[in-house]
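Each residue of the sequence shown is one higher than the one before, starting from 6 at the first, in our numbering. Each residue gets a CB set at the ideal place from its N, CA and C atoms; glycine is no exception. All of these numbers come straight from a predicted model, not from anything done at the bench.
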Amino acid sequence: MTLIKGRTPGRNVFILVADELSATTLAELPQDRLVGVVVRDGAANSHAAIMVRALGIPTVMGADIQPSVLHRRTLIVDGYRGELLVDPEPVLLQEYQRLISEEIELSRLAEDDVNLPAQLKSGERIKVMLNAGLSPEHEEKLGSRIDGIGLYRTEIPFMLQSGFPSEEEQVAQYQGMLQMFNDKLVTLRTLDVGADKQLPYMPISEENPCLGWRGIRITLDQPEIFLIQVRAMLRANAATGNLNILLPMVTSLDEVDEARRLIERAGREVEEMIGYEIPKPRIGIMLEVPSMVFMLPHLAKRVDFISVGTNDLTQYILAVDRNNTRVANIYDSLHPAMLRALAMIAREAEIHGIDLRLCGEMAGDPMCVAILIGLGYRHLSMNGRSVARVKYLLRRIDFAEAENLAQRSLEAQLATEVRHQVAAFMERRGMGGLIRGGL
6 MTLIKGRTPG RNVFILVADE LSATTLAELP QDRLVGVVVR DGAANSHAAI
56 MVRALGIPTV MGADIQPSVL HRRTLIVDGY RGELLVDPEP VLLQEYQRLI
106 SEEIELSRLA EDDVNLPAQL KSGERIKVML NAGLSPEHEE KLGSRIDGIG
156 LYRTEIPFML QSGFPSEEEQ VAQYQGMLQM FNDKLVTLRT LDVGADKQLP
206 YMPISEENPC LGWRGIRITL DQPEIFLIQV RAMLRANAAT GNLNILLPMV
256 TSLDEVDEAR RLIERAGREV EEMIGYEIPK PRIGIMLEVP SMVFMLPHLA
306 KRVDFISVGT NDLTQYILAV DRNNTRVANI YDSLHPAMLR ALAMIAREAE
356 IHGIDLRLCG EMAGDPMCVA ILIGLGYRHL SMNGRSVARV KYLLRRIDFA
406 EAENLAQRSL EAQLATEVRH QVAAFMERRG MGGLIRGGL
């Protein structure tokens with residue numbers, strides 16, 4: 006890992022250049038001084054890349070370059086295009102300065118709408134939720150601008166310790182989040198590790214980790230880990246009653262049944278411990294494994310909500326390891342097959358009365374938001390940096406035109422067709438800057 010110091014006037018900033026990037030490494034860095042990230046091994050859709058982008062830091066993954074050659078050079082980290090430019094020509098540097106100015110102006114315009122309701126021109130109210138767990142200080146500031154926490158990544162505190170956090174430590178962690186947003190729903194995802202999210206004290210080595218031991222598979226195989234965490238969640242929720250529990254990487258109905266049994270057991274244990282009845286949490290699953298798309302009629306009787314995890318769902322529908330730079334260009338959440346899966350999920354959820362949410366990167370991507378609205382999604386959870394722009398977009402479209410865009414996108418045969426349709430849609434409404442590359 007190399008930190009390349011910048012020469013920005015009045016600021017002691019740096020760019021991180023590393024062979025690999027983990028959540029642990031990211032959390033240990035002073036984020037207020039980190040202005041760019043360049044990683045040699047890793048793809049733009051990996052969990053690490055998503056977490057860096059959530060902090061608003063330009064990031065380039067899969068860069069074939071030696072850190073030693075970057076010292077004392079002029080660098081441009083283009084996070085939109087995924088490019089690292091070394092010693093650019095003056096004319097190119099000037100163009101990027103112009104793009105930065107446009108980006109700043111666009112952010113200013115979006116901020117004008119951030120405290121207003123997320124409501125379409127046609128009147129429909131959209132819930133804009135937050136994906137949390139990376140930056141508590143920034144997340145607290147967003148309290149009045151969001152409708153709650155759609156995803157709290159409980160694995161982040163686990164990654165930052167040298168051993169499993171105790172039940173008491175977890176109670177304090179979750180209590181802080183539940184009380185911070187005590188008038189809103191807070192969705193805590195149970196421990197989601199494995200694949201590219203590793204715990205330093207629980208190494209997992211597999212030939213094909215993306216299809217291996219991860220998410221709910223680990224915690225059901227290690228029920229004591231699950232019980233300790235759920236007891237901590239229930240204890241933290243005793244005074245606020247705003248807890249949703251989200252189960253990751255669910256593949257089959259029996260996993261849901263077993264998880265519910267353990268949650269009920271944890272509830273009995275907590276009530277015996279504290280001596281009074283506790284609020285019952287709502288329980289849902291991350292819909293990120295294709296098998297569960299076809300099981301929605303049966304899920305309706307087992308869960309209170311589903312939250313579509315588009316990052317992994319895209320990976321599994323397209324059979325693309327999103328951490329593999331060799332096939333990173335195939336990964337595209339706007340692939341027509343993915344859009345048809347999302348349409349099917351929305352249709353089945355409506356038929357069976359399932360509370361439908363979406364918490365992947367698509368929720369905060371202006372290239373995807375109008376299509377999601379047109380498909381029937383009304384509950385979007387995103388990183389904090391996306392909230393203002395998504396609200397800005399939502400307040401400038403109506404449902405009929407979003408539905409029309411979604412239907413045309415479902416008829417497309419290629420993701421490039423979909424992207425051209427969305428680009429034209431946004432340009433006609435004066436919002437092309439939301440999807441054009443800039444900083």
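Positions of the alpha helix (DSSP H) runs, each at least 4 residues long and wholly inside the region 123–191, are given as 141–146, 160–164 and 172–185 in order along the chain.
Residue nearest to N17 within the set L31, Q175, Q36 and T315 is Q36 (criterion: CA-CA distance). For S112, the uninterrupted alpha helix (DSSP H) run begins and ends at P95 to E116, by DSSP.
G148 sits away from M134, with the two beta carbons spaced by 8 Å or more. With 16 or more other Cβ atoms from the protein chains shown falling within 10 Å of its own Cβ, S312 counts as buried.
When Cβ pairs closer than 8 Å are counted between the two stretches, the region 347–361 is seen to touch the region 370–384, the count reaching three or more. One thing to note: M372 has its Cβ no nearer than 8 Å to the Cβ of V308. Judged by DSSP in its simplified three-state form, M387 adopts strand. Within a 10 Å sphere around the beta-carbon of F299 sit fewer than 16 other beta-carbons, which makes this residue exposed.
Under the three-state reduction of DSSP output, F299 falls in the coil class, being neither helix nor strand.
By the 16-neighbour rule on beta-carbons within 10 angstroms, P205 is exposed. Looking from the CA of Q184, the closest CA among A243, F163 and D226 belongs to A243.
Leaving aside the five residues that flank V235 on each side, the residues in its chain whose CB is nearer than 6 Å to its CB run, in chain order, I268 and A271. Taking the Cα of S338 as reference, the smallest distance to any Cα among A324, N316, E108 and N328 is reached at N316. By the C-beta criterion, the region 178–197 is judged to be in contact with the region 157–170, since at least 3 inter-stretch pairs fall below 8 Å.
As computed with DSSP, G199 is found in a beta bridge with K202. If you check the CB distance, D83 and L90 come in under 8 Å. For the pair H303 and L258, the Cα-to-Cα distance works out to about 8 Å.
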